Amino acid sequence: MVEIRNPHFNLEQICQSGQCFRMKPINEIQDENVFLKDSRYEVIAGDQYLEMAQKGEYCRFFCSQVEFDSFWKGYFDLEQDYGMYIRRISPRDTYLLNAAAFGLGIRILRQDLWEMIVSFLISQQNNIIRIRRCIDNICKTYGEKMNTPCGAVYYGFPTPQALAELTDDALMACNLGYRSKYVVQAARRVVSGEMNLEEIRGMSYEKAKAELLKMFGVGEKVADCICLFALHHLEAFPVDTHISQALQAHYKRGFPKKRYKGCQGVLQQYIFYYELKSISK
DNA sequence: GCGCAGGTAGAGT
DNA sequence: ACTCTACCTGCG
C-alpha cells in the first residue's frame, strides 16, 4: 500500500471530469449505520487493475511501492505540481479562479492511446453515463478476461485486432449506435498499419492532431481529447458544447490561449468540470 | 412526444 | 468557407 497527500488529487473529481471512463467508485455494501464512506475507487489501465481509497487530501493506492513508482505515479501525472498551473491564472479572471478552486483535485491522466481513440469516438453526441456503459460493454464482450489479485474478474480493453475483424455494425449490440462503424474502421486502420500509433506517440501536438483527423469519425474536438488525455499535449483545448457556452458567456474575445500557453488543456478541464457540476447551472 | 447528450461527415448553398 | 442535417440510443 502506498499513501500520498496532495490537494491536487481527488478521485471523485477525476472520475467526473470525464477523461477516464474506466475509473469508478466501488459499490460498497450500503449500510445506513456505517459511514464507511472513505470512498473507494477502482481503475483499469492497460492490463492493470488498481483499487484506491481517498479521505480528504490523503489517498491510498492498494499496490506495491514498485508498481506505484513504475506505473501509477506516471499514469496519474503525480510528478507534476498542478498548483503551478493554477498560479498562472490571471488574478482578474474570477471565473477561471472559481473553476479551478471548484475542481482543485483534477489532473490530466496519461492514458493509453488506442483506448482514448475508441473512447472519444464513442463520446460524440453521447452522455457520460452511456459512454461508460458502451465501454463496459465492449470490454466485457471483446476484452481479455483477467483476475484481480483478490480473484475478482475484470476485463481489459479490446485490442485493435479484436475489433478489426468485426463487421461495421457489430458494435450496435454494445449500444454504440452509429459510432459502431467509426470504431471498427479505426481498428482496421491500426491493424493494417495505415495508422501507426507508435509514430503518433512521438509526434508534436500539431502533427499528431493532423494524423488523428484522418480517421473516419474523428473531428476537431475528438482529436483534441485524444491529444490531451493520451498524448499529454497540454496545449490541446477541446471545445465541446459546454466549453463553447462557457466561452460565449465569459470569454467573448476568445480564451486567452497565449497567456496560458502550454497548459490550456488543464484549464479546459477545470472549466468543463465547473460547467458540468457546479450547482449554478 | 421531443430535445438533448463532451460531434462529425456529407451535401447543399 | 459557411450552414444544415442525419445519425443510434436513452433519459428528462
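Using the working numbering, you'd call the opening residue of the first sequence number 109 and step up by one each time. For every residue, glycine included, the Cβ atom is placed at its ideal position computed from N, Cα and C. Owing to the predicted nature of the structure, the values given are computational and were not obtained by experimental measurement.
What would DSSP say about residue i, mapped onto helix, strand or coil?
i, result
"M311", "coil"
"E273", "coil"
"A153", "strand"
"I112", "strand"
"L119", "helix"
"P346", "coil"
"F170", "coil"
"K369", "coil"
"M131", "strand"
"I408", "Because the chain spans 109 through 389 in this model, residue 408 falls outside it and cannot be assessed."
"F363", "coil"
"R195", "coil"
"F380", "helix"
"D177", "helix"
"Q353", "helix"
"A338", "coil"
"Q293", "helix"
"F228", "helix"
"F143", "Since pLDDT at F143 reaches only 44, below the 50 mark, its modelled position is unreliable, and the value read off the structure follows with that caveat. If DSSP states are grouped into helix, strand and coil, F143 belongs with coil."
"K396", "Nothing can be reported for residue 396, as the shown portion of the chain is limited to 109 through 389."
"I214", "coil"
"D220", "coil"
"E183", "Inspection of the sequence shows that residue 183 is occupied by Tyr rather than by Glu. If DSSP states are grouped into helix, strand and coil, Y183 belongs with the helices."
"I299", "The amino acid at residue 299 is misidentified as Ile; the sequence shows Val. V299: helix per DSSP, three-state reduction."
"R200", "coil"
"Y190", "coil"
For residue i and residue j, I'd like the C-alpha separation in whole angstroms.
i, j, result
"I134", "P257", "16 Å"
"C171", "Y359", "43 Å"
"T275", "V374", "37 Å"
"D277", "S288", "6 Å"
"I379", "D201", "12 Å"
"G370", "G259", "42 Å"
"L321", "C333", "12 Å"
"D139", "S147", "With a pLDDT of only 48 at D139, under the threshold of 50, the placement of this residue in the model should not be trusted, and no figure is reported."
"D300", "L186", "Note that residue 300 is Ser in the sequence shown here, rather than Asp. C-alpha separation (whole angstroms): 35 Å."
"V151", "I194", "26 Å"
"R361", "P199", "18 Å"
"Y381", "C128", "13 Å"
"E343", "Q372", "5 Å"
"N235", "P364", "28 Å"
"D244", "G327", "24 Å"
"R309", "H341", "10 Å"
"Y286", "A294", "14 Å"
"K389", "H350", "In this prediction, K389 scores a pLDDT of 47, lower than 50, which makes its location untrustworthy; the coordinate-derived value is nonetheless stated afterwards. Whole-angstrom Cα-Cα distance: 11 Å."
"V226", "M280", "14 Å"
Can you check whether the CB of residue j is closer than 8 Å to the CB of residue i?
i, j, result
"V330", "L229", "yes"
"L157", "C123", "Here residue 157 is Tyr; the residue named in the question, Leu, does not match the sequence. In this structure, C123 does not lie closer than 8 Å to Y157 by Cβ."
"P268", "V298", "yes"
"R215", "Y183", "no"
"L339", "L221", "yes"
"Q353", "E383", "yes"
"K317", "C335", "yes"
"Y263", "C282", "no"
"F337", "M224", "yes"
"Y290", "G325", "yes"
"Y368", "R113", "no"
"E120", "R168", "no"
"M311", "E302", "no"
Exposed or buried, which one is residue i when buried takes at least 16 other CB atoms within 10 Å?
i, result
"A292", "The sequence given here has Val at residue 292, not Ala. Flag for V292 reads buried."
"M131", "buried"
"G126", "buried"
"E273", "exposed"
"R240", "buried"
"N304", "exposed"
"M323", "buried"
"A207", "buried"
"S231", "buried"
"I237", "exposed"
"A153", "buried"
"K366", "exposed"
Using DSSP bridges, identify the partner residues of residue i.
i, result
"V261", "N255"
"R148", "A161"
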